[in-house]
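Trainee: Residue numbers are given in the working numbering: position 31 of the sequence shown equals residue 11, and the series is strictly consecutive.
One structure, pasted below without further comment.
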Amino acid sequence: MTIIYGWRAGFDNAALDALHAAGFGYSAQGIDWKGRLDRHSLGWVCAHQEDELVGFVNVTWDGGVHAFLVDTVVATEARGQGVGTTLVATAVTGAREAGCQWLHVDYEPHLTSFYVEACGFRPTAAGLMALDLSSTSGGNHAVDR
């Protein structure tokens, strides 16, 4: 079956909530994705197979030249078919056409081959700070200067 990709494509809130929850391992929460994306995103890419949402990626931005790839997710049954790489390639095109000069992405180590080898990102040094201290193991990670 054919998969259709669309920049800023329409989607069903409940379908995206379910896809995101399944992909990131939590229960659907009834998130208003349309409202969130309209407020905070440069664009997003949806992958539809027939009427089913099988992939999604969000492109947020700073309002200038930096865009950020977040929430890349592919339905389990659609994995291994190039859906993820096509989502990212479509997001790259959308960000470039919007005038962005840089596309950033953070990822966990087990996704390095996807983002670096399959999608063409290059590794960079970056920093991360957990703002919800209950999500860290070991408490305060501040560094004395």
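We put the beta carbon where it would ideally sit given N, CA and C, even for glycine.
What you are looking at is a predicted structure, and each value in this text was computed from that prediction instead of being measured.
Can you give, in chain order, each stretch of the alpha helix (DSSP H) that sits fully within the region 7 to 71 and has at least 4 residues?
Mentor: 13 to 20
Trainee: Considering only DSSP beta bridges, list what V85 is partnered with.
Mentor: L49
Trainee: Between which two residues does the beta strand (DSSP E) carrying G(-14) extend?
Mentor: I(-17) to W(-13)
Trainee: Give me the residue from G44, T70, Q9 and A58 with the minimum Cα distance to N38.
Mentor: T70
Trainee: Could you pull out every residue in the same chain whose Cβ sits closer than 6 Å to the Cβ of T56, ignoring the five residues on either side in sequence?
Mentor: none
Trainee: Go ahead and label Y95 buried or exposed: buried means 16 or more other beta carbons lie within 10 angstroms of its beta carbon, across all protein chains shown.
Mentor: buried
Trainee: Tell me which residue opens and which closes the alpha helix (DSSP H) that A(-5) is part of.
Mentor: N(-7) to F4
Trainee: Quick one: is the Cβ of Q9 within less than 7 Å of any heavy atom of the ligand NAP?
Mentor: You won't find the ligand NAP in this model; it holds no ligand whatsoever.
Trainee: Output needed for H28: all residues of its chain with C-beta closer than 6 Å, excluding positions within five of it in sequence on either side, in chain order.
Mentor: I(-16)
Trainee: Would L111 pass as a contact of H84 if the rule is Cβ separation under 8 Å?
Mentor: It is not a contact, given that the beta carbons lie outside the stated cut-off.
Trainee: Alpha carbon to alpha carbon, how far is G100 from T92? Give it in angstroms, no decimals.
Mentor: Going by C-alpha positions, T92 is about 10 Å away from G100.
Trainee: Out of curiosity, what's the CA-to-CA distance linking E32 and H90?
Mentor: So the two alpha carbons sit approximately 27 Å from each other.
Trainee: According to DSSP, is F101 part of a helix, a strand, or is it coil?
Mentor: In this structure, DSSP gives F101 a state outside helix and strand, which the three-state scheme calls coil.
Trainee: Taking Cβ to Cβ, would you say D51 is nearer than 8 Å to H0?
Mentor: yes
Trainee: CB-CB under 8 Å to T40, same chain, minus the five flanking residues each way: which ones, in chain order?
Mentor: Short of 8 Å from the beta carbon of T40, and not among the five residues preceding or following it, lie these beta carbons of its own chain, in chain order: H20, S21, L22, A47, F48 and V50.
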